[in-house]
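Under our numbering, think of the first position of the sequence shown as 2, with each following residue one higher. We put the beta carbon where it would ideally sit given N, CA and C, even for glycine. The next block holds one structure in the form of structure tokens; read it before the comments.
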Amino acid sequence: MNQRALALLAATVASAIYGVNHTLAKGLMPDIIGPFGFIILRVIGAAILFWIASIFFPKEKIDRKDWLRILACVLCGMVLNMNMFFKGLELSTPINSSVVITLTPVLLLVLSAIFLKEKITWMKSIGIALGLTGALLLILFGLKTQLNAPNIPLGNILFIFNATSYAFYLIIVKPLVAKYSSITLMKFFFLFAIFMNLPVGGAEFMEVAWGSLTLSHIWKLAFVVIGTTFLTYLLNIYALKQLSPSTIGAFIYLQP
Numbered sequence: 002m003n004q005r006a007l008a009l010l011a012a013t014v015a016s017a018i019y020g021v022n023h024t025l026a027k028g029l030m031p032d033i034i035g036p037f038g039f040i041i042l043r044v045i046g047a048a049i050l051f052w053i054a055s056i057f058f059p060k061e062k063i064d065r066k067d068w069l070r071i072l073a074c075v076l077c078g079m080v081l082n083m084n085m086f087f088k089g090l091e092l093s094t095p096i097n098s099s100v101v102i103t104l105t106p107v108l109l110l111v112l113s114a115i116f117l118k119e120k121i122t123w124m125k126s127i128g129i130a131l132g133l134t135g136a137l138l139l140i141l142f143g144l145k146t147q148l149n150a151p152n153i154p155l156g157n158i159l160f161i162f163n164a165t166s167y168a169f170y171l172i173i174v175k176p177l178v179a180k181y182s183s184i185t186l187m188k189f190f191f192l193f194a195i196f197m198n199l200p201v202g203g204a205e206f207m208e209v210a211w212g213s214l215t216l217s218h219i220w221k222l223a224f225v226v227i228g229t230t231f232l233t234y235l236l237n238i239y240a241l242k243q244l245s246p247s248t249i250g251a252f253i254y255l256q257p
């Protein structure tokens with residue numbers, strides 16, 4: 002199997018894991034863990050896993066000029082993206098989340114055209130219009146509340162912020178992906194993400210009744226940390242080595 006085929010497979014698996022995450026994570030919030038506390042668990046768990054994995058790979062030195070871009074990647078990909086999505090998921094529904102975040106490919110096409118000079122064809126323009134129309138219809142005319150979804154419109158708006166920040170992340174991380182290994186990038190990304198997320202989610206993380214967690218809670222939490230965080234970020238970064246950000250974004254359409 003060639004490198005491009007492996008990259009396509011990696012992007013497919015990552016998107017499938019994300020699709021499962023919508024429902025699993027929703028079932029844990031807010032009774033078991035708050036959305037911002039959940040992010041602390043995710044970034045701590047992923048940081049530990051990536052630093053352990055880095056032991057088995059060659060060490061790489063980061064150029065001084067790249068640290069600012071790394072911090073921007075963390076802000077967009079591990080702070081704004083994660084917090085907006087999980088808070089939105091607490092307020093809205095898994096179905097809404099999987100539909101609204103299909104705006105990400107739309108945003109990626111626009112951003113890729115602006116920053117990476119990718120050409121937007123007529124077919125891509127039609128896709129942009131359809132994606133934007135569907136998301137707006139859901140936000141403007143969908144249900145306002147339902148069981149375990151106290152503020153669907155606000156949740157959907159947060160999903161838009163999530164999609165926007167993730168799109169920026171995929172664009173600005175691309176030059177780093179071409180320069181450093183996936184493990185090197187991820188171990189620093191998630192290390193910095195711990196400190197950048199602590200002011201927001203530290204209190205919720207400390208409120209979790211860890212001793213009262215059932216086996217069902219534990220395996221779901223583990224799935225989100227290992228699957229939705231460690232594996233998906235690793236797989237998407239690997240895929241970005243061979244594919245454009247707009248191609249990666251197209252796989253989000255698998256999630257609904």
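On a Cα-Cα basis, can you pick out the residue from the options that is closest to residue i?
i: P246; options: L90, S55, A26 and E119; result: E119
i: I41; options: L232, N198 and V225; result: N198
i: L36; options: A8, A54 and F86; result: In the sequence under discussion, the amino acid at residue 36 is Pro, which differs from the Leu named in the question. Ranking A8, A54 and F86 by Cα distance to P36 puts F86 first.
i: K60; options: Y181, N237, L232 and T248; result: Y181
i: N157; options: L90, G78, A179 and T122; result: L90
i: I71; options: L9, S98, K175 and L244; result: K175
i: Y234; options: T215, A73, A8 and A15; result: A15
i: N3; options: F252, A240 and L50; result: A240
i: A223; options: G46, V21 and K27; result: G46
i: A150; options: V80, S93, I227 and L216; result: S93
i: F231; options: P95, L186 and T215; result: L186
i: V44; options: L76, I18, A17 and I56; result: L76
i: V178; options: L9, D67, A17 and K27; result: D67
i: F116; options: S99, I173 and T248; result: I173
i: M79; options: F39, A8 and I18; result: F39
i: K27; options: L7, N97 and A73; result: N97
i: N163; options: S113, I102 and L214; result: I102
i: I53; options: K188, W211 and L159; result: K188
i: V100; options: A114, F206 and T134; result: T134
i: P106; options: T165, K62, G203 and L155; result: T165
Am I right that residue i and residue j are in contact with their C-beta atoms under 8 Å? What's the rounded C-beta distance?
i: K201; j: N84; result: The identity of residue 201 in the sequence shown is Val, whereas the question assumes Lys. Confirmed, Cβ separation roughly 6 Å.
i: L104; j: I161; result: 6 Å
i: E58; j: F191; result: Before going on, a small fix: residue 58 reads as Phe here, not Glu. That belief does not hold up - the Cβ atoms of F58 and F191 are roughly 15 Å apart, past 8 Å.
i: G228; j: L171; result: Not quite, the Cβ-Cβ distance comes to about 20 Å (not below 8 Å), so this is no contact.
i: S183; j: I253; result: With a Cβ gap of about 20 Å, S183 and I253 do not count as contacting.
i: L108; j: A168; result: 4 Å
i: K242; j: A8; result: 7 Å
i: K88; j: L159; result: 5 Å
Query raised in the report: Counting pairs of Cβ atoms below 8 Å between the region 187-198 and the region 20-32, do you hit three or more?
Result: no
Query - Runs of alpha helix (DSSP H) wholly within the region 154-206 (minimum 4 residues, chain order) - result: none
Query raised in the report: Counting only runs that start and end within the region 67-98, where is the alpha helix (DSSP H) found for 4 or more residues in a row?
Result: The region 67-98 contains these whole alpha helix (DSSP H) runs: 68-75 and 82-92.
Requested in this report: Taking only runs that begin and end inside the region 219-247, name each unbroken alpha helix (DSSP H) of 4 or more residues, in chain order.
Outcome: 233-241
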